[in-house]
Amino acid sequence: MAPRRSKSSKNPPIFSHDFFIQNHADIVSCVAMVFVIGLMFQATSPVASLFVAMQHNVSRNDSAEEEVTLYTWGKKDVFSVFFYFLICIIVHAVIQEYVLDKMNRKMHLSKVKHSKFNESGQLLVFYLASAVWGADIILREGYVTGISQLWEGYPKDHAAIPYVNIAYWLHCFPELYFQKVKKDEIPGRVQYATLYLVFIIAAYVLNFNRVALCMLVLHYTVEFVFHGARLFYFSEKTDLASTAFRVFDVLFVLVRLGTITLAVLTFWYGLEQTSEPSIDIVSGNFNTQLVRINCLAASCLMQAWLMWNFITFRLRKLREQSVASRKTRSPSKKKAVTKAVSADEDISSLPEVDQNSATENGSLRSRPKGKKAL
Numbered sequence: 000m001a002p003r004r005s006k007s008s009k010n011p012p013i014f015s016h017d018f019f020i021q022n023h024a025d026i027v028s029c030v031a032m033v034f035v036i037g038l039m040f041q042a043t044s045p046v047a048s049l050f051v052a053m054q055h056n057v058s059r060n061d062s063a064e065e066e067v068t069l070y071t072w073g074k075k076d077v078f079s080v081f082f083y084f085l086i087c088i089i090v091h092a093v094i095q096e097y098v099l100d101k102m103n104r105k106m107h108l109s110k111v112k113h114s115k116f117n118e119s120g121q122l123l124v125f126y127l128a129s130a131v132w133g134a135d136i137i138l139r140e141g142y143v144t145g146i147s148q149l150w151e152g153y154p155k156d157h158a159a160i161p162y163v164n165i166a167y168w169l170h171c172f173p174e175l176y177f178q179k180v181k182k183d184e185i186p187g188r189v190q191y192a193t194l195y196l197v198f199i200i201a202a203y204v205l206n207f208n209r210v211a212l213c214m215l216v217l218h219y220t221v222e223f224v225f226h227g228a229r230l231f232y233f234s235e236k237t238d239l240a241s242t243a244f245r246v247f248d249v250l251f252v253l254v255r256l257g258t259i260t261l262a263v264l265t266f267w268y269g270l271e272q273t274s275e276p277s278i279d280i281v282s283g284n285f286n287t288q289l290v291r292i293n294c295l296a297a298s299c300l301m302q303a304w305l306m307w308n309f310i311t312f313r314l315r316k317l318r319e320q321s322v323a324s325r326k327t328r329s330p331s332k333k334k335a336v337t338k339a340v341s342a343d344e345d346i347s348s349l350p351e352v353d354q355n356s357a358t359e360n361g362s363l364r365s366r367p368k369g370k371k372a373l
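Reading the sequence shown from the start, the letters are residues 0 to 373 in numbering that gives the first Met the number 0.
This is the structure:
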């Protein structure tokens, strides 16, 4: 998040926390520009290219006209991830200042909703871009029509999407400082960013990028629907929000089942056909029984954990709704009891003869004002 500069004439001291938070996008842009300008000079071009261009690339000719560039993993990828990490911070600040902040000023949200709205807005853009990019790769590679391509030819080169994903989830950690996120929100954000990093880096190192790509596209699609529903909710568009949440509930369960199916087909059935007795780090072949079983167990446990959280969340919401419905009914009961008590008090205030007649008739009889009691 790039907080808008204060309109006050008093600027924060240089190198202070407020100065760095207010100007972090400009500072990071200058650092990234240094690497880009370094490409223009022969003396600095070899060093700058380590950051700007990915080093472990290979070319593949699918036809006489088209040449596809893919990548393998290596130590120099750290420099590329760092550069994309800087780009993610810049893009985050641009989206925050020119899109989300303008929407926030129109809606006048509370501080809690403001923070959640910004979080969902940023994630919505990332999930949409990653899902579209990943779906394009899946269709181009033919994974839908030929599911066996997820394991045939392992280990196989991959596209650039893992680098961008790693850079994005890494940038979420400094954003906690830039956005001044509250302490009670930090554990949740750190948790899901860490889980994404562990999953993506493990798939990247073990060369299981194809099956990981399919899983991520499914998961990102569901998360896109969820955060879109949250934005509708914060915008007070309740009808659209309720519809989107219902769609999310259905898709969430289907995606969990689909992810487990992909994991079983790939790790238990597909890769087992070309299993190796030991790991070959030089060629990047990690297709051993131990690695496959651990990957399958990790994938299934992750889906079970997500499903457990989903079920407990829905049950908690149902309990809250039932308690709220009981509270809405309770005032009418209290009014009835109050009316009964007031009626009893009115009866007790009457003379004995009038009390008996009122009790026999089942209702109070008003006493004439002009007559005196005999």
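C-beta atoms are modelled at their ideal positions from N, C-alpha and C, and glycine is treated no differently.
_Contacts around Ala128, its chain only, beta-carbon distance under 8 angstroms, and the 5 residues preceding and following it disregarded_ = none
_Counterpart residues of Asn284 in DSSP-defined beta bridges_ = Asp279
_Check whether the segment 121-136 and the segment 93-102 touch, using three or more Cβ-Cβ pairs below 8 angstroms as the test._
yes
*Give the secondary structure of Trp150 by DSSP, where H, G and I count as helix, E and B as strand, and everything else as coil.*
coil
*Could you tell me if Ala63 is buried or exposed, where buried requires 16 or more neighbouring beta carbons within 10 angstroms of its beta carbon?*
Model confidence at Ala63 stands at a pLDDT of 46, short of 50, so the residue's coordinates are unreliable and nothing is read from them.
*Please report how far the alpha carbon of Lys155 lies from the alpha carbon of Asn208, in whole angstroms.*
9 angstroms
*Using the C-alpha atoms, what's the distance from Tyr195 back to Val322?*
36 angstroms
*Contact between the segment 75-91 and the segment 13-33 (3+ Cβ pairs under 8 angstroms)*: yes
*If you pair each beta-carbon of the segment 258-276 with each one of the segment 131-150, do three or more pairs fall below 8 angstroms?*
yes
*For the alpha helix (DSSP H) containing Glu222, list its first residue and its last residue.*
208-233
*Where does Ala52 fall in DSSP's three states?*
coil
_Sub-8 angstroms separation of Met53 and Ser79 beta-carbons_ = yes
*Under a Cβ-count criterion, where at least 16 other Cβ atoms within 10 Å of its own Cβ denotes burial, should Ala296 be classed as buried or exposed?*
exposed
*Assess, as a yes-or-no matter, whether the segment 163-171 is touched by the segment 237-245 under the definition of 3 or more beta carbon pairs within less than 8 angstroms.*
no
*Is the number of C-beta pairs between the segment 273-286 and the segment 308-318 that are closer than 8 angstroms three or more?*
no
*Rounded to a whole number of angstroms, what is the C-alpha to C-alpha distance between Lys112 and Val27?*
28 angstroms
*What span of residues does the alpha helix (DSSP H) with Lys115 cover, start to end?*
110-140
*asked:* For Ala24 and Thr273, what's the separation of their Cα atoms in angstroms?
replied: 48 angstroms
*Does the Cβ of Val210 have 16 or more other Cβ atoms within 10 Å, making it buried, or fewer, making it exposed?*
buried
*Backbone CA spacing between Leu253 and Pro276 [nearest angstrom]*: 35 angstroms
*asked:* Please state the DSSP three-state secondary structure of Ile26.
replied: helix
_Comparing C-alpha positions only, which one of Thr144, Leu138, Lys115 sits nearest to Lys179?_
Lys115
_If I follow the unbroken alpha helix (DSSP H) through Glu184, where does it start and stop?_
Neither: Glu184 is in no alpha helix (DSSP H) and is coded neither H nor E.
*Taking all protein chains shown into account, decide if His218 is buried (16 or more other Cβ within 10 angstroms of its Cβ) or exposed.*
buried
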